[in-house]
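One structure is given here, and the rest of the page talks about it.
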Amino acid sequence: EESYESYAAEHAALLQGLRERAQLVASTLNGLPGIHTQPAAGAMYLFPTIVLPAGAVREAERRNISPDTFYCMSLLEETGIVVVPGSGFGQRDGTFHLRTTFLPQAEEMAQVAERFAKFHNEFMEKYE
């Protein structure tokens, strides 16, 4: 079919772009203190574990919300970045996670990663 070559090229470029963005987000997250994530494997999101400082856990309890929700809401309020708290997915007690996608275009994703890293470092310092 005439259009197959064009389709195959577009498909390959799309998958390569997703792969590169997934690697960018995973390496950014894994480079931050208290965050660890596995590489994306067939999904368009990452589900990192986050170790929150005791001060953040206490502040979340004071506000009557889960610590990961507190982190995610703070991230949204301060940066405009939307992630989903892991508590909505049934995480083990005492562990915290968040779910993030890597769907923005590469140029935007690099900026998002920078804003995320800046927020995270400031949050950890504030609540340590």
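UniProt numbering puts the sequence shown at residues 1 to 128. Idealized CB from N, CA, C, for every residue including glycine. Only a predicted model underlies this, so the values are computations on that prediction, with no experimental measurement involved.
Check	Outcome
Burial state of residue 86 (16 or more Cβ within 10 Å)	buried
Straight-line gap, residue 3 to residue 16 (C-alpha atoms, nearest Å)	20 Å
Bridge partner(s) assigned by DSSP for residue 85	98
Proximity to residue 82 [Cα-Cα], best of 91, 68 and 95	68
Residue range of the unbroken alpha helix (DSSP H) whose run includes residue 66	Where residue 66 is concerned, there is no enclosing alpha helix (DSSP H), given that its DSSP letter is neither H nor E.
Status (buried if at least 16 other CB within 10 Å, exposed otherwise) for residue 98	buried
Contact belief for residue 129 with residue 46 at Cβ below 8 Å, rounded distance in angstroms	Nothing in the structure corresponds to residue 129, since the chain is present only between 1 and 128.
C-alpha gap between residue 64 and residue 6, whole angstroms	53 Å
Host alpha helix (DSSP H) of residue 17 (start-end)	4 to 30
Pairwise C-alpha distance: residue 36 and residue 95	12 Å
Cβ contact check for the segment 108 to 119 and the segment 17 to 25: 3 or more pairs under 8 Å	yes
Identity of the residue in 61, 13, 100 and 125 nearest residue 48 by Cα	100
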